[in-house]
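Q:
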Amino acid sequence: MQEFGREARILAGRKIYFDWEGFFWDSGDWSEEVAVLLAWEGGLSELTATHWKVMRFFRDYYAYHGRAPLNRHLREGTELSLSELESLFPGGIRLGARRLSGLPNPKSCF
Amino acid sequence: MEDIMKKINLKINGRPRQVVTDPDMLLVDLLRVGHRLTSVKQSCDRKGQCGACTVVVNGKATLACITKVASLEGADIITDEGLGTPANPHLIQEAYVLSGAIQCGFCTPGMIMATKALLDVNPDPSTEEIKKAFRRNLCRCTGYIKIIDAVKLAGRFVRGEIKPEDIRPKPTDAKMGVSHPRPSAMIKACGTAEFTGDIELPGALELAAVRSPHAHALVKGIDTSVAEKMPGVVGVITAKDIKGTNRLKYIIGDRPVLCEGKVQQLGDAVAAVVANTREQALAAAKAVKVKYELLPVLSSPQEALAEDAPQIHADRPNLCYVQPVIKGDAAGAFAKAAAVVEGRFKTQINHQAPMEPEASVAFLEGDGEDPVLVIIGRSINIHGSMAILQQALGYENMRYEEAYSGGQFGLKLEVVTEGIAGAAALHFKRPIRYIPSLEESILITSKRHAFDTHIKLAADAKGKLTAMAMDIVVDNGAYYSIGDVILRRALHMLSSSYYIPNIDTHSRLVYTNNPYGSAARGAGPPQTHYALECAMDMLAEKLKLDPLEFRKHNSLKTGQTKATGYVEPDVWPFPELCDAIKPFYERAKNERSAHQNGTIRRGVGLGAAAFGIGQPADKAAAVAELDFDDGVTVYAAAADPGEGNDSMLTQLAAQVLGLPMDKVRAVSRNTDQTAASGPASGSRITYMIGGAAVDALTQLKNAALEVGSLSYSAFKEAGKPTHYLGEKKILETASLDPDTGQGPTFESNVHAIQMAEVEVNTETGEVKILRMTTAVDAGPIINPHNVQGQLEGGMDMGAGYALREEHIAGKTKDWVSFKFPTMKTSFDMEVLTRETPRIRGTLGATGVGEMSMVSTAPAIINAIKDACGVWIQDLPATPAKVKAALSRT
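As given, the protein sequences belong to chains A and B, one line each in that order.
Going by this note's numbering, the first sequence opens with residue 1, and the numbers climb by one from there.
Going by this note's numbering, the second sequence opens with residue 111, and the numbers climb by one from there.
#1: Whole-angstrom Cβ separation of B:A673 and B:I613, contact assumed at under 8 Å?
#2: Kindly indicate which three-state DSSP category B:C978 falls into: helix, strand or coil?
#3: Whole angstroms are fine: how far does the CA of B:A391 sit from the CA of B:M111?
#4: Decide if the region 470-489 of chain B is in contact with the region 526-537 of chain B; the criterion is three or more beta carbon pairs, one per stretch, under 8 Å apart.
#5: Along the region 832-849 of chain B, what residues have a CB closer than 9 Å to any CB found in chain A?
#6: Tell me the rounded alpha-carbon separation between B:D594 and B:Y640.
#7: By Cβ distance below 6 Å, which residues in the same chain neighbour A:Q2 in space, the five residues on each side in sequence not counted?
#8: Can you say whether B:S823 is buried or exposed, counting buried as having 16 or more other CB atoms within 10 angstroms of its CB?
#9: Between B:R881 and B:P890, what straight-line distance do the alpha-carbon atoms span, to the nearest angstrom?
#10: Quick check: is the beta carbon of A:A63 nearer than 8 Å to any beta carbon in chain B?
#11: Would DSSP call B:L229 helix, strand or coil?
#12: Decide if the region 129-143 of chain B is in contact with the region 166-185 of chain B; the criterion is three or more beta carbon pairs, one per stretch, under 8 Å apart.
#13: Quick check on B:Y360 - is its C-beta less than 8 Å from some C-beta in chain A?
#14: On the DSSP bridge assignment, give the partners of B:M603 in chain order.
#15: State the Cα-Cα distance for the pair B:F721 and B:K667, rounded to the nearest angstrom.
#16: Figure out for me which residue from B:D782, B:G959 and B:K838 has the closest Cα to the Cα of B:N859.
#17: Grouping DSSP H, G and I as helix and E and B as strand, with all else coil, what is B:M286?
#18: Within 10 Å of its beta-carbon, does B:L913 have 16 or more other beta-carbons around it, so buried, or fewer, so exposed?
#19: Please list, in chain order, the chain B residues whose beta carbon lies closer than 8 Å to that of A:P106.
#20: Measure the Cβ-Cβ separation of B:A284 and B:N247 and say whether it is below 8 Å.
#21: Which value, in whole angstroms, describes the spacing of the CA atoms of B:A385 and B:A319?
#22: Excluding the 5 residues flanking B:T743 on each side, which residues of the same chain have their C-beta closer than 8 Å to its C-beta?
#23: Can you tell me the Cβ-Cβ gap for B:T872 and B:T709, rounded? I've got them flagged as a contact below 8 Å.
#24: Would you call the region 350-358 of chain B and the region 494-505 of chain B in contact, with 3 or more CB pairs under 8 Å?
#25: If we ignore side chains and look at the alpha-carbon of each, how far apart do A:H51 and A:L44 end up?
#26: List, in order along the chain, the chain C residues whose C-beta lies closer than 8 Å to that of B:A440?
#27: Suppose you measure from the CA of B:D906 to the CA of B:C160; what does that come to, to the nearest Å?
#28: Rounded to whole angstroms, what's the CA-CA distance from B:H461 to B:A719? Just pull it up for me.
#29: Counting only beta-carbon separations shorter than 8 Å, does A:R56 have a partner in chain B?
#30: State the start and end residues of the unbroken alpha helix (DSSP H) segment that holds A:F57.
#31: Could you list which residues in chain A have their beta carbon closer than 7 Å to that of B:A727, in chain order?
#32: Terminal residues of the continuous alpha helix (DSSP H) containing B:Y911?
#33: Could you spell out the range, first to last residue, of the alpha helix (DSSP H) harbouring B:S495?
#34: Which ranges would you report for the beta strand (DSSP E) in the region 287-375 of chain B if only whole runs of at least 3 residues count?
#35: Please check the pair B:T832 and B:V897, which I expect to be a contact at CB under 8 Å, by giving their CB distance rounded to whole angstroms.
#36: When the Cα of B:V367 is compared with those of B:I863, B:P420, B:T218 and B:T555, which residue comes out closest?
Right under this line is the structure:
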């Protein structure tokens, strides 16, 4: 029987909760070290400067607005095309970049 | 026969008009469509059941939805817009605002016009005269108490006894504990607040859905060829035209926007027709031919759990979630108990019944390759709904705007019409309006889950609870939605106000072909509290203890464990509430003693609740921004379908920053402007979003202390940011243990005890509620009217749940078949408040919206037992059930 709540994992020596779609439950649990581990799990053996630029944009945008950027904001903020962004992260923008950047799932919190 | 046109001369809001009408044109269409007078609302499918369309015609309150224009030669028609404007309101509109009579505001213009007609002939009406005059006007939010208050206050204004300025709070008055008018109240009073159905969308196509008449069937083919050739039809879409997952997924992706090969419940959508007019779309929808192959319908969890039952969803069993709660040694405690009671308590599937029917509009904004898909609807979780729609429709560039929303009570957590409207807007690249009828809205929306609960409760010789066992089976309906969340909420609050050291509970969530369940006021706890609070009375009776003293005697104390083993860290002011209600209880019992003979018997019953606030791992965000005019705006997606969240955010802002009320604002209804703050559900808004707002406001205040002034120019000169993001997070984050149900639970609670006074007609089985009294402690009160309004509306909703309401798919089609509460079924209410600050409350406060009905039904059922000696263990307690139970005694 599946448990549709939060799943705790130990990553980089810390207990971190993820939701049923693999999103960080709390964006405050994110760290660069954890991002590297998750990227590796997802098939990205190396995070390039471009990856970090995108993730920093995600996190800065969220820290200011309290919500995730939409694609139009990403295009402007990273100066990358949508196809470049989609191909940069396994899982694409939402299930890849956004998740790896530690942003929470907007569907969580009932 | 050809229509015979007729020219009519009439006046609308003082202006002479000439109208050419056919014999069937209704006044509601003339006013709404012809003159854009959108205060004239529609809820009841033009059956004259709800009064939302009430206008004054020749001095009389008139239902515009059943009045033909052809009969109005020479008529003088006044709508709410004709009475006053937000800048220059009428005294009646002022009275509604100042009485706290406006929650969602959907019924308000009709109520105000009924008030106008009444006061014009009777400026000092009695309560009974008001009830008679308003017999055709429905309200789901208020329990009618504050509407009656508003009519009486309007009478005082009209008679010149007092003026609005005599009682209107000043912007500089205290911010906490004062009923400052809601920011949105006046535009709702004057009918200028736009609900989704009021939004002007030039060139919009109208949409009608093709829905399954079967609860379980394979879709073998869809033939749209005839429909596509019909007049005005632009096209038809089916599942294959949706580019995304076609799944409206919160947790499990089992609910399609448009069904592909199978329908799982009555009313599932299989296609959507868009046409130039609504009538054309509806006609064409009927012409879409769908070939079904019928499957067995599983109409109860028992049928769905049978060994040979077909599996409703191919990828998961009908038993879709289980969760036990095991604490201590229940078996041992039952063996040693001085008294044990047990019973089976069943609750019904119910409709949350917001007055506003479903509605959404969708259009593409901007041009180029990636325009914004704008969805305007009634979501209470705009960021979450947008994320669900992005996945379902395969379109990312989106904005969700919440229009003013006509009540919700949990129902608007779910995406319903937005998915189909959005899919059609993307497919046809034209603006789409989808406004289903009330009948369709009732059919397609999520419902309150039915629970079947077997409870066993034990106490020792000193009257202390020692053990509880429950076996809970929940009918989740056809789609998963957030079924496990609802069930876990009930489990988290299983022991409610009490300390119960030993618990053995098992719960099962089961797919059926019934309407899918989701959020509904209280969301799980009302169902289990019905069993627990009735069992408390059974046990008190067995132990020969007074039910109030028994409850107080078993109150949990700070530091003791709740059902999940969590040590309660916060205050627990339940005994004090028992003391607060005691004088009212003794008065009621005394009055009851004089009515124990004859056909009409009086009874008094209690129900308690400790309703959890701040569930583990919950989190919220809000932004506070200092504006050019040195005012402050809070940006947070705190939907406000009637509770008063705009009051809460602005009063908190004014309190934290020491600003007058006219210098604070809240922006909450647009995904492009707000922080993603989670849903307006579970009474989490004040605690979570209010808490995040206070965090942001405190950051702004601290910055102002450094700058030396809360002035925009001073901040800019000092190089200080004017924008601050605040958060609130619940400290505990772990989930319940899947095997034992032990773990952290809600970090605070709102406490209440409710008392019902009823009369039972022992010949007919009819139950009349004389009065409900609630003693509540939710922490410091921000806005008294809002708290009272939630309590009164909740008690009224709880009474309907206890006595009348039940949703039967396909048969519950309107407000009469639903048995909607009316002025006639309304009753006296009293609210007693205490204000014990909570450790992590928002300025000490929690929330009250959901708790308000959690213990209403058991209080009423216990009162029926007190009156005539029978337990009703299957809601609703209809006259037939009461009469049958009496016949068995």
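In this text, a Cβ means the ideal position worked out from N, Cα and C, and glycines have one as well.
Please read all numbers here as calculations on a predicted model, not as lab measurements.
A: On the basis of the data shown:
#1: As a first step, residue 673 of chain B must be located in the second sequence, where it is residue number 563. As a first step, residue 613 of chain B must be located in the second sequence, where it is residue number 503. Yes, B:A673 and B:I613 are in contact; Cβ-Cβ is about 5 Å, under 8 Å.
#2: Counting from 1 along the second sequence, the entry for residue 978 of chain B is found at position 868. Helix, per DSSP.
#3: The residue labelled residue 111 of chain B in the question sits at position 1 within the second sequence. The residue labelled residue 391 of chain B in the question sits at position 281 within the second sequence. Confidence at B:M111 is low in this model, with a pLDDT of 47, below 50, so its placement is unreliable and the value that follows should be read with caution. Approximately 23 Å between the Cα atoms of the pair.
#4: yes
#5: If the cut-off is 9 Å between Cβ atoms, the region 832-849 of chain B has H833, L835, G836, E837, K839, T843, A844, S845, L846 and P848 near chain A.
#6: Start at 1 with the first residue of the second sequence, and residue 594 of chain B comes out as number 484. Start at 1 with the first residue of the second sequence, and residue 640 of chain B comes out as number 530. Here the alpha carbons of B:Y640 and B:D594 stand approximately 20 Å from one another.
#7: Taking the first sequence and counting its residues from 1, the one referred to as residue 2 of chain A is at position 2. Note that A:Q2 scores a pLDDT of 41, beneath 50, so its modelled location is shaky; the value from the coordinates is reported in the next line. For A:Q2, where only same-chain residues beyond five positions count, there are no Cβ hits under 6 Å.
#8: The count along the second sequence starts at 1 and reaches residue 823 of chain B at position 713. Exposed, since its Cβ has fewer than 16 Cβ neighbours within 10 Å.
#9: Indexing the second sequence from 1 puts residue 881 of chain B at position 771. Indexing the second sequence from 1 puts residue 890 of chain B at position 780. For the pair B:R881 and B:P890, the Cα-to-Cα distance works out to about 26 Å.
#10: Against the first sequence, residue 63 of chain A aligns to sequence position 63. Closer than 8 Å to some Cβ of chain B, the Cβ of A:A63 qualifies, so yes.
#11: As a first step, residue 229 of chain B is located in the second sequence; it is residue number 119 there, counting from the start. Of the three classes helix, strand and coil, the one that applies to B:L229 here is helix, per DSSP.
#12: Segments in contact, yes.
#13: In the second sequence, residue 360 of chain B corresponds to position 250, counting from 1. Output row for B:Y360: interface = yes.
#14: The residue given as residue 603 of chain B occupies position 493 in the second sequence. Answer is none; B:M603 lacks a bridge partner.
#15: Along the second sequence, read from residue 1 onward, the residue named residue 721 of chain B stands at position 611. Along the second sequence, read from residue 1 onward, the residue named residue 667 of chain B stands at position 557. Rounded to whole angstroms, B:F721 to B:K667 spans 15 Å at the Cα level.
#16: In the second sequence, counting from the first residue as 1, residue 859 of chain B sits at position 749. Nearest neighbour of B:N859 by Cα position, chosen from B:D782, B:G959 and B:K838, turns out to be B:G959.
#17: For the purposes of this step, residue 286 of chain B is identified with residue 176 of the second sequence, where counting begins at 1. The answer is coil: DSSP assigns B:M286 none of H, G, I, E or B.
#18: Position 803 of the second sequence, counting from 1, holds the residue named residue 913 of chain B. Label assigned to B:L913: buried.
#19: As a working mapping, residue 106 of chain A is identified with position 106 in the first sequence. Near A:P106 (Cβ distances below 8 Å), the residues of chain B are H493, G494, M496, A497 and A786.
#20: Stepping through the second sequence from its first residue, residue 284 of chain B is reached at position 174. Stepping through the second sequence from its first residue, residue 247 of chain B is reached at position 137. Not a contact, by the Cβ cut-off of 8 Å.
#21: Working through the second sequence from its first residue, we reach residue 385 of chain B at position 275. Working through the second sequence from its first residue, we reach residue 319 of chain B at position 209. Their Cα atoms are separated by approximately 11 Å.
#22: Looking up residue 743 of chain B in the second sequence gives position 633. For B:T743, where only same-chain residues beyond five positions count, the Cβ hits under 8 Å are A734, E735, D737, V774, R775, A776 and V777.
#23: Walking along the second sequence from the start, residue 872 of chain B turns up at place 762. Walking along the second sequence from the start, residue 709 of chain B turns up at place 599. About 5 Å separates the two Cβ atoms, so the contact holds.
#24: yes
#25: Counted from its first residue, the first sequence places residue 51 of chain A at position 51. Counted from its first residue, the first sequence places residue 44 of chain A at position 44. Between the C-alpha atoms of A:H51 and A:L44 there is a straight-line separation of about 10 Å.
#26: Here the protein chains are A and B, and chain C is not one of them.
#27: As a working note, residue 906 of chain B is residue 796 in the second sequence. As a working note, residue 160 of chain B is residue 50 in the second sequence. Whole-angstrom Cα-Cα distance: 17 Å.
#28: Position 351 of the second sequence, counting from 1, holds the residue named residue 461 of chain B. Position 609 of the second sequence, counting from 1, holds the residue named residue 719 of chain B. Taking the straight line from one Cα to the other gives about 22 Å.
#29: In the first sequence, residue 56 of chain A corresponds to position 56, counting from 1. No, A:R56 lies away from the interface with chain B (no Cβ there is under 8 Å from its Cβ).
#30: Position 57 of the first sequence, counting from 1, holds the residue named residue 57 of chain A. A49 to H65 is the extent of the alpha helix (DSSP H) around A:F57.
#31: Position 617 of the second sequence, counted from the first residue, corresponds to residue 727 of chain B. Within 7 Å Cβ-Cβ: R6, Y17 and W25.
#32: On the second sequence, residue 911 of chain B is found 801 positions in, with the first residue counted as 1. Note, B:Y911: alpha helix (DSSP H), P894 to L913.
#33: For the purposes of this step, residue 495 of chain B is taken as residue 385 along the second sequence, with counting starting at 1. Taken as a continuous stretch (DSSP letters only), the alpha helix (DSSP H) holding B:S495 covers I492 to L503.
#34: 315-321, 327-333 and 343-347
#35: The residue labelled residue 832 of chain B in the question sits at position 722 within the second sequence. The residue labelled residue 897 of chain B in the question sits at position 787 within the second sequence. About 33 Å; that fails the 8 Å criterion.
#36: For this step, residue 367 of chain B is matched to residue 257 along the second sequence. The shortest Cα separation from B:V367 among B:I863, B:P420, B:T218 and B:T555 belongs to B:T555.
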